[in-house]
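Step one of this worksheet: look at the structure below.
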Amino acid sequence: MPVAKPESSDARVIAHIDMDCFYVQVEQRKQPDLRGLPTAVVQYNSWKGGGLIAVSYEARKHGVKRSMRGDEAKQVCPEIQLVQVPVARGKADLNTYRSAGSEVVSILARKGRCERASIDEVYLDLTDAAETMLAETPPESLEVINEEAIKSHVLGLNNEDGIDAKENVREWLSSSDADHRDKLLACGALIVAELRMQVLKETEFTCSAGIAHNKMLAKLASGMNKPAQQTVVPFSSVKGLLESLPIKKMKQLGGKLGTSLQSDLGVNTVGDLLRFSEEKLQECYGVNTGTWLWNIARGISGEEVQGRLLPKSHGSGKTFPGPRALKTIDSVQHWLNELCEELSERLRSDLDQNKRIAHTLTLHARAYKLGDSDSHKKFPSKSCPLRYGTIKIQEDAMNLFQAGLRDYMGTYKSKTQGSQYSGWGITGLSVSASKILDTPSGTCSIMKYFHGQCPPCSSSEKSQDNLIQDAAPLSPSESESYSGLNLTEPQIVFPGEEKEIKHAIPSLDHQEDKSKTWKDQDPSCLSSQQMQNSIAQETSPLLPSGVFLGSESCLGMSQSKQQREFPTEESRIKYAMPSLDRGLQKRKTSKDKGTSSIRRFFKTCDPSSFRKQEHVEAIQLQDVQAAESVGFQSTSSICSEPNQTELPKESIPEQTGTNSGCSTSAHIEQQSESWRYKVDEIDPSVVNELPPEIQEEVQAWLRPHKRPNVVKRGSSIAHYFLPAKNR
DNA sequence: ACGGCTTGCACT
DNA sequence: TAGTGCAAG
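What follows is the structure, encoded as structure tokens:
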């Protein structure tokens, strides 16, 4: 039976921290003369003064806006200081901002779980820190309250900007008879004030923050008082806040979905959403989006703060607008080389600094054809296994481009002559690296737990000779999952050898299925220098299933073909993790039917220790709702249905009314064979009995997932504008 | 034929 | 899966 959690454990303390006009601040730190002046950061000064990408608050007062041209900005604010984004390899180079961003993250990650939400934003889960503070040094016990905290804006406090606001805030922060949730938020506010001061001290950057019971509200709040201020959203202020909040201000609703809500349902404020039943919203926008909308109307958002300090992908791109469109293969080649060079550089530093390896290379391009107005949509993106080394990346990217070009041309049934197109142009190119995984040594706590330490892993113990041996007989790509491209032929690369081997050519028309011996190698066993030279092939996701086998040598086994085709259970677990982590909606039938060691571990646990997981929303507005008898039944159904608790940020709406909830659950139940389904059966409470070093990792698997969308509404964007009416 | 360059994510 | 598209800043 579901056991009700104590109310207090649901009162999370979440903060969203947002750097103020970050790029401007970075430039002002570099050039302190600019401090206090209306300033904007601009890229590509050549055309109309370049495009603004960050604007200081002084300049905003004069009406300067992001997305203005440099020239326009000068018009509305003649004294504006325009600073150019650094340029490298003929394109904007954002690296200084990236590293400034990591400076900040490393400070903000000190007080709780931290999620890097973008280059200049993070979420923090300060629940534990706040609880601890409340227990040990509650605000009421402090003689002095941090001045920065006293400057907080507390939504719902009377006289918020009146003359005695500060006294009110001081009292709110340290009131001893306050609601428990408010006390926690007060602690959160103190902690955040401290962190912001620390950031200022160590980086010279100011930031704004929102402190609330969930991510959505914290994000909303951080933008309410900028720059350099913080805003607290007490539980009791939520209803009033959302009631009048324009729907488009809500994150995820600033685009077409928000427009559809306005024009099709007449929803102008978040509060207006309360008029609609969950079912109605689901009919219009699909199950996930519908439920999500229903919840945000009530200030409910269960999304957890992910403990992730690093980006999940790297990309480098450039546009070639209009007259500058690329017309020859050579020019494409040139720019692709530049982009790949930058990407490769960033991959290397990620490897060096974070011991992470990217596994997929993707190329995106935009092209136009005279006479076809939406020709630019049709250039397909292509991806392949990522091989490290600048030259390899360049080569693979070029091959991807050519493959894309063939498809693109195919749609026009036309042919290229030589290296010259006519009537064609490439208006955008970008390359990106994704599926970035930690090197096992760093975070593979589970493997360590089940197999003990892995001495052979330590890079110092591995000789260069071993390296060569291990790396030598490499598997080629199993390329069927990569669009018929076969970009990676077997090759031998010795440490120190950076030259590419010219036979890495896409063979589009022959897909061989070669059986080769496979000796995989744990990348973690290599020093980063060694990595740079030799990890190229073996780190590609070569297996058909995409299994990453990097850790086997960690276990001291020598893998061969057999294991390549039947990877060990631990490998599958390792691979399954990221998708579970993301809480994918789809539950695909997994090919894995074996009993994993993790499952065995759980099975040996005393069944009596299992109890049902309670999924309760972080912020409980139920009391409020009950009082108002607004959607109370739905709320309780949410709470008792595990699969509903993880709310999607947004999803494409689907065809109305063809199907609904019952087939959804039926569909889920069919998946009894899948490993993920088994995960669902695991009682979360048992995690507490695991050794601490793997608890967090297992916890990540157990996050609730979204429901598959069974309702179909068609696939074009147009359906945003065509929700069902009068249904 | 312009607002550039990145990210993350959902969907299919 | 790979590929597409939305959204945000």
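Under my numbering, think of the first position of the first sequence as 950, with each following residue one higher. Where a beta carbon is used, it is the ideal one built from N, C-alpha and C, also for glycine. Every value quoted in this text rests on a predicted model; they were computed, and no experiment measured them.
Sequence-distant residues of the same chain with beta carbon closer than 8 Å to Arg984, five excluded per side: Sequence index remark: in the first sequence, residue 984 carries index 35 (1-based). Once the five neighbours on either side are set aside, the close Cβ partners of Arg984 are Gln977.
When the distance is taken between beta carbons, is Trp1121 closer than 9 Å to Val1148? As a working mapping, residue 1148 is identified with position 199 in the first sequence. As a working mapping, residue 1121 is identified with position 172 in the first sequence. No, Cβ-Cβ distance for Val1148 and Trp1121 is not below 9 Å.
Does DSSP classify Cys1233 as helix, strand or coil? As a first step, residue 1233 must be located in the first sequence, where it is residue number 284. The answer is helix: DSSP assigns Cys1233 an H, G or I state.
Outcome for Thr1544 when other beta-carbon atoms lying within 10 angstroms are tallied against a minimum of 16: Position 595 of the first sequence, counted from the start, is the residue given in the question as residue 1544. In this prediction, Thr1544 has a pLDDT of 29, which is less than 50 and means its spatial position is unreliable; what the coordinates show is noted afterwards. With fewer than 16 other Cβ atoms within 10 Å, it is exposed.
Note down, in chain order, each residue of its chain lying with its Cβ closer than 8 Å to the Cβ of Ser1330, except the 5 sequence neighbours on either side. Here the question's residue 1330 lines up with position 381 in the first sequence. Only Thr1311, Leu1312, His1313, Ala1314, Gly1353 meet the Cβ criterion.
Using only the alpha-carbon positions, how far apart do Thr1155 and Lys1014 sit? Taking the first sequence and counting its residues from 1, one reaches residue 1155 at position 206. Taking the first sequence and counting its residues from 1, one reaches residue 1014 at position 65. Looking at the two C-alpha atoms, the distance is approximately 20 Å.
For Lys1267, three-class secondary structure by DSSP: The residue labelled residue 1267 in the question sits at position 318 within the first sequence. Strand, per DSSP.
Contacting residues, own chain, Cβ-Cβ under 6 Å from Leu897 (five flanking each side not counted): With the chain running from 950 to 1676 in the structure shown, residue 897 is simply not present.
Please classify Met1017: does DSSP put it in a helix, a strand, or coil? For the purposes of this step, residue 1017 is taken as residue 68 along the first sequence, with counting starting at 1. In this structure, Met1017 counts as coil in the three-state DSSP scheme.
So, for Gln1231: in the same chain, excluding its five sequence neighbours on each side, which residues have a beta-carbon less than 6 Å away from its beta-carbon? In the first sequence, residue 1231 corresponds to position 282, counting from 1. Excluding residues within five positions, the ones whose Cβ falls inside 6 Å are Gly1239.
Have a look at Asp1042, Ile1068, Arg1656 and flag the residue whose alpha-carbon is nearest the alpha-carbon of Leu1258. On the first sequence, residue 1258 is found 309 positions in, with the first residue counted as 1. Among Asp1042, Ile1068, Arg1656, the Cα nearest to that of Leu1258 is on Ile1068.
Lys1188 - DSSP class collapsed to helix/strand/coil: The residue you call residue 1188 lines up with position 239 of the first sequence. Looking at Lys1188 - three-state DSSP - the assignment turns out to be helix.
Measure the C-alpha to C-alpha separation of Ala989 and Glu1021 and round it to an integer number of angstroms. Walking along the first sequence from the start, residue 989 turns up at place 40. Walking along the first sequence from the start, residue 1021 turns up at place 72. Distance between the alpha carbons of Ala989 and Glu1021: 12 Å.
Measure the alpha-carbon distance for Asp1221 versus Ile963 and round it to whole angstroms. Position 272 of the first sequence, counted from the first residue, corresponds to residue 1221. Position 14 of the first sequence, counted from the first residue, corresponds to residue 963. Each residue's Cα considered, the two are about 26 Å apart.
Using alpha carbons as the reference points, say which of Val1025, Leu1300, Lys1023 lies closest to Leu1386. By 1-based counting over the first sequence, the position of residue 1386 is 437. Here the closest residue by C-alpha is Leu1300.
Going by the CB atoms, is the gap between Leu1166 and Ser1101 shorter than 9 Å? Along the first sequence, one-based indexing puts residue 1101 at 152. Along the first sequence, one-based indexing puts residue 1166 at 217. No, Cβ-Cβ distance for Ser1101 and Leu1166 is not below 9 Å.
What is the DSSP secondary structure of Ile1002, counted as helix, strand or coil? Here residue 1002 refers to the residue found at position 53 when the first sequence is read from its first residue. In this structure, Ile1002 counts as strand in the three-state DSSP scheme.
Status (buried if at least 16 other CB within 10 Å, exposed otherwise) for Trp1243: Residue 1243 sits at position 294 when you count from the first residue of the first sequence. Flag for Trp1243 reads buried.
Following the continuous beta strand (DSSP E) through Thr1309, name the residue where it begins and the one where it ends. Position 360 of the first sequence holds residue 1309. Where Thr1309 is concerned, the enclosing beta strand (DSSP E) stretches over 1305 to 1318.
Should the region 1287 to 1306 be regarded as contacting the region 1338 to 1353, the criterion being three or more beta carbon pairs within less than 8 Å? yes
Own chain residues within Cβ distance below 7 Å of Pro1088, not counting five before or after: To locate residue 1088, count along the first sequence from 1; it is residue 139. Here the set comprises Ile1094, Leu1122, Ser1123, Ala1135, Cys1136, Leu1139.
Cross-strand partners of Met968 (DSSP beta bridge): As a first step, residue 968 is located in the first sequence; it is residue number 19 there, counting from the start. The partner list for Met968 (beta bridge, DSSP) reads Cys1156.
Let me know the secondary structure DSSP gives Glu1064 once reduced to three states. Along the first sequence, read from residue 1 onward, the residue named residue 1064 stands at position 115. Three-state result, Glu1064: strand.
Thinking just about the alpha-carbon of each residue, which of Val1118, Ala1346, Asn1237 is nearest to the one in Pro1657? Along the first sequence, one-based indexing puts residue 1657 at 708. Selected option, being the one with the closest Cα: Asn1237.
Neighbourhood of Met1082 by C-beta, 6 Å cutoff - its chain only, sequence neighbours within 5 removed: Counting from one through the first sequence, the residue named residue 1082 turns up at place 133. Excluding residues within five positions, the ones whose Cβ falls inside 6 Å are Cys1136.
Restricting to Cα atoms, I'd like to know which of Gln1282, Ser1185, Asn1303 is closest to His1129. Along the first sequence, one-based indexing puts residue 1129 at 180. Considering only alpha carbons, the answer is Ser1185.
Taking the C-alpha atoms as reference points, what is the distance between Ala960 and Asp1042? In the first sequence, the residue the question calls residue 960 occupies position 11. In the first sequence, the residue the question calls residue 1042 occupies position 93. Near 42 Å, if we compare the C-alpha coordinates of Asp1042 and Ala960.
CA-to-CA distance, Leu1091 to Ser1125, given in whole angstroms: Here residue 1125 refers to the residue found at position 176 of the first sequence. Here residue 1091 refers to the residue found at position 142 of the first sequence. Going by the C-alpha atoms only, they are around 11 Å apart.
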